[in-house]
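A.B. asks: Once you've had a glance at the structure underneath, I'll fire off some questions.
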């Protein structure tokens, strides 16, 4: 990015998040400073985007509806702070659609973790996320402008390798054991219905616990792929606004080109959609939702981590463009997820699985690097 664009991109009242580049800096020095910003933006997202899911198998979250609502409420609080730091930029309702799409994918996380495990689930949706996000940015799907790369052949090779890695992950078998639910994790609202009856009836199982191993694998893998597609398109509304802001005839003419200015609207869409889903769930459960008290703090902390990490992703999109950030950022969580699944939760065992994982990691790493360097 040329040095002179910096002052145009950031208004005077937004210098909290500005990378200052002096007017006399050379092109190489400017690129180096921006690269440092990209590294800062990418790595926290990789860690934060995954770590929020590491808390899911650690604590009993039931069917996940209450957990996801707490998580999304925490995410919205992060955006509120960002909005204040940014001096409340103009709110574009269309950006909320991206949050709605993400929240729809997010309600599948707990069932995915309970059916196929954290490692396999995250590897699948991360790979699908990568392919969807890359394709929509590269070819200009959904009304956004296609993003041009200097080396198209590297871009296509990277996407193909990422798709291959997604197929390989299907052959990884995870061992997800159903944990015994303690009295501490039993839903409070279920307890209050009839304490005498509850003494003779075991704690309610979620619908996931009643599935056969084959059903769990089919449903879990399918949900992970759907979630990946939704995650991969959640930035499209923001990119649409930015692209059409350059056209005088558009209603979005003059809209900000700084991605972080859309965080509050995007995250507001997440919380609004999550709340709607939770209210529908309460109605379906006849006002007896399964509320797990031990999931409150992990859900809140998970939301904070994800919110901060996703703000970094918004910044990375600004400096790199989505066609580059998706391969880089979505590859990292898969590796971290598998390490947690192997060493902490013991979901993945056996030499065959380890070999498949090792080969898949090499392929997705090569794919990510190829896609990233295609723009250099």
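Numbering (my numbering), first residue to last: 300 to 675. Even glycine gets a Cβ: it sits at the ideal position worked out from N, Cα and C. Treat the numbers as computed from the prediction; the structure is a model and nothing was measured.
Excluding sequence positions up to five away, which residues of its chain have a Cβ less than 6 angstroms from the Cβ of residue 411?
C.D. replies: Against the chain shown, residue 411 aligns to sequence position 112. Correct list, in chain order: 420, 519, 522 and 523.
A.B. asks: Could you check which residue in 672, 544, 510 and 530 has the C-alpha nearest to that of residue 429?
C.D. replies: The residue given as residue 429 occupies position 130 in the chain shown. Closest option to residue 429, Cα to Cα, is 530.
A.B. asks: Which whole-angstrom value is the C-beta distance of residue 566 and residue 527, which I expect to be below 8 angstroms?
C.D. replies: If you number the chain shown from 1, residue 566 lands on position 267. If you number the chain shown from 1, residue 527 lands on position 228. That belief does not hold up - the Cβ atoms of residue 566 and residue 527 are roughly 20 angstroms apart, past 8 angstroms.
A.B. asks: Please return the same chain residues whose Cβ sits closer than 6 angstroms to the Cβ of residue 641, not counting the five positions on each side in sequence.
C.D. replies: Position 342 of the chain shown, counted from the first residue, corresponds to residue 641. The residues are 647.
A.B. asks: Suppose only complete runs of 4+ residues qualify. What are the alpha helix (DSSP H) ranges in the segment 532-560, listed by chain order?
C.D. replies: If we require 4 residues or more, the alpha helix (DSSP H) runs fully inside the segment 532-560 come out as 535-543.
A.B. asks: Under 8 angstroms between the Cβ atoms of residue 570 and residue 401?
C.D. replies: Translated into positions along the chain shown, residue 570 becomes position 271. Translated into positions along the chain shown, residue 401 becomes position 102. Cβ atoms of residue 570 and residue 401: not closer than 8 angstroms.
A.B. asks: Whole angstroms are fine: how far does the CA of residue 618 sit from the CA of residue 322?
C.D. replies: If you number the chain shown from 1, residue 322 lands on position 23. If you number the chain shown from 1, residue 618 lands on position 319. Since pLDDT at residue 322 reaches only 31, below the 50 mark, its modelled position is unreliable, and no value is offered.
A.B. asks: From this set, 591, 622 and 394, which residue's C-alpha is nearest residue 444's C-alpha?
C.D. replies: Here residue 444 is taken as the residue at index 145 of the chain shown, counted from 1. Residue 622 is the option with its Cα nearest to residue 444.
A.B. asks: Is it the case that the segment 658-666 contacts the segment 455-468, given that we only count it when at least three CB pairs across the two stretches are under 8 angstroms?
C.D. replies: Judged by Cβ distances under 8 angstroms, the segment 455-468 makes contact with the segment 658-666, as three or more pairs qualify.
A.B. asks: Since residue 391 and residue 574 are thought to touch, with beta carbons under 8 angstroms apart, how far apart are those beta carbons, to the nearest angstrom?
C.D. replies: To locate residue 391, count along the chain shown from 1; it is residue 92. To locate residue 574, count along the chain shown from 1; it is residue 275. Not a contact, Cβ separation roughly 20 angstroms.
A.B. asks: Give me the residue from 645, 512, 625 and 563 with the minimum Cα distance to residue 372.
C.D. replies: Along the chain shown, one-based indexing puts residue 372 at 73. Among 645, 512, 625 and 563, the Cα nearest to that of residue 372 belongs to 563.
A.B. asks: Taking buried to mean at least 16 other C-beta atoms within 10 Å of its own C-beta, is residue 506 buried or exposed?
C.D. replies: Working through the chain shown from its first residue, we reach residue 506 at position 207. Flag for residue 506 reads exposed.
A.B. asks: Is the beta carbon of residue 674 less than 8 angstroms from the beta carbon of residue 449?
C.D. replies: Within the chain shown, the letter at position 375 stands for residue 674. Within the chain shown, the letter at position 150 stands for residue 449. Yes, the Cβ-Cβ distance between residue 674 and residue 449 is below 8 angstroms.
A.B. asks: What residue ranges within the segment 430-471 form continuous alpha helix (DSSP H) runs of no fewer than 4 residues, ordered along the chain?
C.D. replies: Counting only runs of 4 or more, we get 451-468.
A.B. asks: Could you spell out the range, first to last residue, of the alpha helix (DSSP H) harbouring residue 407?
C.D. replies: Numbered from its first residue, the chain shown carries residue 407 at position 108. Careful: residue 407 lies outside any alpha helix (DSSP H) and carries neither H nor E.
A.B. asks: Between the alpha carbons of residue 609 and residue 620, how many angstroms are there, rounded?
C.D. replies: Start at 1 with the first residue of the chain shown, and residue 609 comes out as number 310. Start at 1 with the first residue of the chain shown, and residue 620 comes out as number 321. Residue 609 and residue 620: Cα-Cα distance of roughly 15 angstroms.
A.B. asks: Given that a residue counts as buried once 16 or more other Cβ atoms are within 10 Å of its Cβ, and exposed if not, what is residue 591?
C.D. replies: The residue labelled residue 591 in the question sits at position 292 within the chain shown. Answer is buried; the Cβ neighbour count reaches 16.
A.B. asks: If the criterion is Cβ atoms closer than 8 angstroms, does the pair residue 598 and residue 398 meet it?
C.D. replies: Sequence index remark: in the chain shown, residue 598 carries index 299 (1-based). Sequence index remark: in the chain shown, residue 398 carries index 99 (1-based). Taking 8 angstroms as the Cβ cut-off, residue 598 and residue 398 do not qualify as a contacting pair.
A.B. asks: Look up residue 675 in the DSSP assignment and say whether it is helix, strand or coil.
C.D. replies: As a position in the chain shown, residue 675 is number 376, starting the count at 1. Three-state result, residue 675: coil.
A.B. asks: Could you say which of 403, 652 and 414 lies nearest to residue 509 if we only look at CA atoms?
C.D. replies: Here residue 509 is taken as the residue at index 210 of the chain shown, counted from 1. Here the closest residue by C-alpha is 414.
A.B. asks: Using only the alpha-carbon positions, how far apart do residue 663 and residue 416 sit?
C.D. replies: Position 364 of the chain shown, counting from 1, holds the residue named residue 663. Position 117 of the chain shown, counting from 1, holds the residue named residue 416. Going from the Cα of residue 663 to the Cα of residue 416 covers about 20 angstroms.
A.B. asks: Tell me whether residue 554 is buried or exposed, calling it buried when 16 or more other Cβ atoms sit within 10 Å of its Cβ.
C.D. replies: Translated into positions along the chain shown, residue 554 becomes position 255. Buried, because 16 or more other Cβ atoms sit within 10 Å of the Cβ of residue 554.
A.B. asks: Is it buried or exposed, residue 538, if we count other Cβ atoms within 10 angstroms and call 16 or more buried?
C.D. replies: For the purposes of this step, residue 538 is taken as residue 239 along the chain shown, with counting starting at 1. Per the 10 Å Cβ criterion, buried.
A.B. asks: Contact check, residue 536 vs residue 396 under 8 angstroms by CB: the rounded distance?
C.D. replies: In the chain shown, counting from the first residue as 1, residue 536 sits at position 237. In the chain shown, counting from the first residue as 1, residue 396 sits at position 97. About 5 angstroms; that satisfies the 8 angstroms criterion.
A.B. asks: What's the gap between the Cα of residue 310 and the Cα of residue 380?
C.D. replies: Residue mapping note: residue 310 aligns to position 11 of the chain shown, counting from 1. Residue mapping note: residue 380 aligns to position 81 of the chain shown, counting from 1. Bear in mind that a pLDDT of 47 at residue 310, under 50, signals an unreliable position, so the model cannot answer this.
A.B. asks: Out of 365, 540 and 394, point me to the one whose CA is closest to residue 406's CA.
C.D. replies: Here residue 406 corresponds to residue number 107 of the chain shown, with the count starting at 1. Among 365, 540 and 394, the Cα nearest to that of residue 406 belongs to 365.
A.B. asks: Mapping the DSSP letters down to three states, classify residue 393 as helix, strand or coil.
C.D. replies: If you number the chain shown from 1, residue 393 lands on position 94. Here residue 393 sits in helix by DSSP.
A.B. asks: Measure the alpha-carbon distance for residue 676 versus residue 604 and round it to whole angstroms.
C.D. replies: Outside the shown range of the chain, which is 300 to 675, sits residue 676, and nothing can be said about it.
A.B. asks: When you compare the CB positions of residue 629 and residue 615, do they come within less than 8 angstroms of one another, or not?
C.D. replies: For this step, residue 629 is matched to residue 330 along the chain shown. For this step, residue 615 is matched to residue 316 along the chain shown. Not closer than 8 angstroms, so no.
A.B. asks: Quick one: what's got a C-beta closer than 7 angstroms to residue 542's C-beta in the same chain, skipping five residues either side?
C.D. replies: For the purposes of this step, residue 542 is identified with residue 243 of the chain shown, where counting begins at 1. Answer for residue 542: 443 and 444, listed in chain order.
A.B. asks: Closest to residue 549 by CA distance: which of 540, 418 and 556 is it?
C.D. replies: Numbered from its first residue, the chain shown carries residue 549 at position 250. Residue 549 has its Cα closest to that of 540, out of 540, 418 and 556.
A.B. asks: Hey, how far is the Cα of residue 572 from the Cα of residue 578?
C.D. replies: Within the chain shown, residue 572 is the residue found at index 273, counting from 1. Within the chain shown, residue 578 is the residue found at index 279, counting from 1. Their backbone Cα atoms lie some 10 angstroms apart in a straight line.
A.B. asks: If we count the other Cβ atoms within 10 Å of its Cβ and call it buried at 16 or more, is residue 649 buried or exposed?
C.D. replies: Numbered from 1 along the chain shown, position 350 holds the residue referred to as residue 649. The residue in question, residue 649, is exposed, as its Cβ has fewer than 16 Cβ neighbours within 10 Å.
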